[in-house]
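Participant: Below you'll find the structure I mean.
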Amino acid sequence: MLEHVQRDINEFDAVHYHIDYLAFPLIRRQPVPSLNTLHGRLDIPDLVPLYREFQEMPVVSISNAQRLPLPWINWQATIHHGLPADLYDFQERPQGYLAFLGRIAPEKRVDLAIDIACRAGIELKIAAKVDAVDREYFKHEIKSLLDHPLVEFIGEIGEKEKADFLGNARALLFPIDWPEPFGLVMIEALACGTPVIAFRRGSVPEVIDEGITGFIVNTVDEAVDALQRVDTISRRRCRQEFERRFTSPRMARDYVKIYESLLLRQELVERSVA
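Quick note on our numbering: the sequence shown kicks off at 1253 and runs consecutively.
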């Protein structure tokens, strides 16, 4: 893929990369401006020398929280993810269950979601995949927890099933235990009108408006308490906030501004050289 891009590089006004740092040596030598959106966690020690070497690379974060381990690199903007406005339908009258959607992995803490639901006495439906790297964790830490009468494990679902799964949920549980760079499932839930109860980690405080689109908590006890108040959240307001902050046209407009800035900068450099 990179070879094809470089082969045709003079056909582009600019190139926008989404493959972390893999293209950095090529970008340094290409004649057109570039932009790099970083999608992963950055609190990895080995990334420090790498980004010091390539600290001129223009990069975009998907949350302000994502930047914290490397605040000194060449950040151009934070641009939150967006989804097509018509991808998920608003559901005003949900069923009574709680939803967990994502991966079954240690950092996603489905075990805490189960604990929260069981303490609250509310049914929990889990739609999640188990990657190969997490199979032992699932077998030894999670599988036995799925036997609780309030817990239903659905397994992995596709895009077509997400709207009904999230839209019919009373709330989405997002008890993460890692510095989540964004958390797309939160805005998928809001698009359906479903409020989110999430742990205060990573991007959560940037995505969820406390008391408006959900509740941000620090412990299981706080999450259980939040569930007693979740029906005070307006589902219509959740959908409105999604439309205001997290649609793909808004995301595209934000990126176009950065493209224009990069191209203008390139033009000024070329004029000064000429």
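Even glycine gets a Cβ: it sits at the ideal position worked out from N, Cα and C.
Using the C-alpha atoms, what's the distance from residue 1448 back to residue 1440?
Facilitator: About 10 Å.
Participant: For residue 1345 and chain B, any beta-carbon pair shorter than 7 Å?
Facilitator: Chain labels in this structure do not include chain B; a single protein chain is all it has.
Participant: Tell me residue 1327's beta-bridge partners as DSSP assigns them.
Facilitator: Per DSSP, 1311.
Participant: Can you tell which of 1516, 1510, 1490, 1443 has the C-alpha that lies nearest to the C-alpha of residue 1335?
Facilitator: Comparing Cα positions, the closest option is 1443.
Participant: Buried or exposed for residue 1505, going by 16 or more other Cβ atoms inside 10 Å?
Facilitator: Under this definition residue 1505 is an exposed residue.
Participant: Between the beta-carbon of residue 1331 and the beta-carbon of residue 1300, is there less than 7 Å?
Facilitator: Their beta carbons are not under 7 Å apart, which means residue 1331 does not touch residue 1300 by this criterion.
Participant: State the start and end residues of the unbroken alpha helix (DSSP H) segment that holds residue 1262.
Facilitator: Counting along the chain, residue 1262 falls outside any alpha helix (DSSP H), and DSSP gives it neither H nor E.
Participant: If we ignore side chains and look at the alpha-carbon of each, how far apart do residue 1366 and residue 1424 end up?
Facilitator: The straight-line gap from Cα to Cα measures roughly 12 Å.
Participant: Could you pull out every unbroken beta strand (DSSP E) segment of at least 3 residues lying fully inside the stretch 1369–1429, listed in chain order?
Facilitator: Those beta strand (DSSP E) runs which fall completely within the stretch 1369–1429 and span 3+ residues are 1376–1381, 1403–1405, 1423–1426.
Participant: For residue 1467, name the three-state secondary structure that DSSP assigns.
Facilitator: In this structure, residue 1467 counts as strand in the three-state DSSP scheme.
Participant: My output table needs one value for residue 1271: the three-state DSSP class, helix, strand or coil.
Facilitator: It is coil, neither helix nor strand.
Participant: For residue 1434, which three-state DSSP category applies?
Facilitator: Looking at residue 1434 - three-state DSSP - the assignment turns out to be coil, as it is neither helix nor strand.
Participant: Based on DSSP bridge pairs, tell me the residues matched to residue 1484.
Facilitator: For residue 1484, which the question treats as bridged, DSSP gives no partner whatsoever.
Participant: If you check the beta carbons only, do residue 1433 and residue 1318 fall under 7 Å apart?
Facilitator: Yes, the Cβ-Cβ distance between residue 1433 and residue 1318 is below 7 Å.
Participant: For the candidate residues 1291, 1419, 1333, 1267, whose alpha-carbon lies nearest to that of residue 1341?
Facilitator: Among 1291, 1419, 1333, 1267, the Cα nearest to that of residue 1341 belongs to 1419.
Participant: According to DSSP, is residue 1513 part of a helix, a strand, or is it coil?
Facilitator: It is helical.
Participant: Using DSSP bridges, identify the partner residues of residue 1499.
Facilitator: DSSP output for residue 1499 lists 1335 as bridge partner(s).
Participant: From the DSSP output, in three-state form, read off residue 1365 for me.
Facilitator: Looking at residue 1365 - three-state DSSP - the assignment turns out to be helix.
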